[in-house]
């Protein structure tokens, strides 16, 4: 039973904050998108870019990685690269990014123990590093709508496998709003609402409408 005298307005340490997480983007490349059939590919692209902009707004460290970019899979998603024009992209040969030393060193260099990860395909290039990171003590949050598999079953089964291993499934808007947490945080209020308007579909249109009718400080 909870002792209500000890209850305080303190957030859970399980929540993501700009200071406790890093975001990993794995293999958002043309060849991988060609075979992604678990959901609408345009929607996955939109979610991926929305997640990237969320990380940038809050200055969350990111790691960008590709697999066989020059020999098979093609360059990283241009819209993603455009969000981080000065970011080094780590190209690998391994399907499991966690078996690539430069990738792991880049993750370690962030100093964060909470990892937010998205990629293609869910059942290979997301599940393998996720399980590997979990085994080494990281907390992993899988952005399901910024990831895709070769079929709905492959995507869903991969998510189930990761959840059973201890990962937490989230969506990109969930990450964005969890990082903001309070609309009184004025330094990020406007950038967050811009990301919402650009990438959050009907929610974004709602913000456009509210701001037009109520005023510039309408959100939520």
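Numbering (this note's numbering), first residue to last: 6 to 225. For every residue, glycine included, the Cβ atom is placed at its ideal position computed from N, Cα and C.
Cβ neighbour criterion (16 or more within 10 Å) applied to residue i
i           : result
residue 97  : buried
residue 105 : buried
residue 1   : One cannot answer for residue 1 here, as it falls past the ends of the chain, which runs 6 to 225.
residue 140 : exposed
residue 219 : exposed
residue 206 : exposed
Residue range of the beta strand (DSSP E) that includes residue i
i           : result
residue 119 : 119-124
residue 173 : 173-175
residue 30  : 26-31
residue 144 : 144-148
residue 69  : 67-72
residue 219 : Element bounds for residue 219: n/a, residue is neither H nor E.
CA nearest to the CA of residue i, picked from the options
i           : options               : result
residue 161 : 42, 184, 83 and 185   : 42
residue 142 : 116, 153 and 159      : 116
residue 82  : 109, 110 and 52       : 52
residue 171 : 189, 215, 180 and 136 : 136
residue 147 : 166, 61 and 64        : 166
residue 158 : 179, 126 and 28       : 126
residue 23  : 38, 14, 61 and 54     : 61
residue 92  : 174, 173, 189 and 28  : 28
residue 169 : 189, 145 and 192      : 145
residue 16  : 192, 187 and 40       : 187
residue 19  : 121, 6, 103 and 101   : 121
residue 21  : 173, 191, 194 and 193 : 173
residue 89  : 189, 77 and 67        : 67
residue 57  : 123, 128, 192 and 164 : 123
residue 129 : 118, 113, 7 and 164   : 164
Limits of the unbroken alpha helix (DSSP H) element including residue i
i           : result
residue 200 : 191-204
residue 62  : 46-62
residue 186 : No alpha helix (DSSP H) holds residue 186; DSSP gives it neither H nor E.
residue 94  : That residue, residue 94, is in no alpha helix (DSSP H); its beta strand (DSSP E) goes 94-97.
residue 139 : 132-140
residue 85  : 83-88
residue 164 : 157-170
residue 110 : 106-115
Same chain only: Cβ atoms within 8 angstroms of residue i, ignoring 5 sequence neighbours per side
i          : result
residue 94 : 69, 70, 71, 74, 81 and 86
Beta-carbon contacts of residue i that lie in its chain and below 7 angstroms, excluding the five residues immediately before and after
i           : result
residue 59  : 177, 180, 181, 184 and 200
residue 197 : 62, 181 and 185
residue 2   : Any property of residue 2 remains undetermined from this structure, which presents the chain solely from 6 to 225.
Beta-carbon proximity list for residue i, same chain, < 6 angstroms, skipping 5 on both sides
i           : result
residue 204 : 51 and 55
residue 202 : 209, 212 and 213
residue 102 : 31, 70, 108 and 134
residue 84  : 54
Does the contact criterion of 3 or more C-beta pairs under 8 angstroms hold for the segment 26-42 versus the segment 69-76? yes
Does the segment 146-156 come into contact with the segment 43-50, if we say contact requires no fewer than three beta-carbon pairs (one atom in each stretch) closer than 8 angstroms? yes
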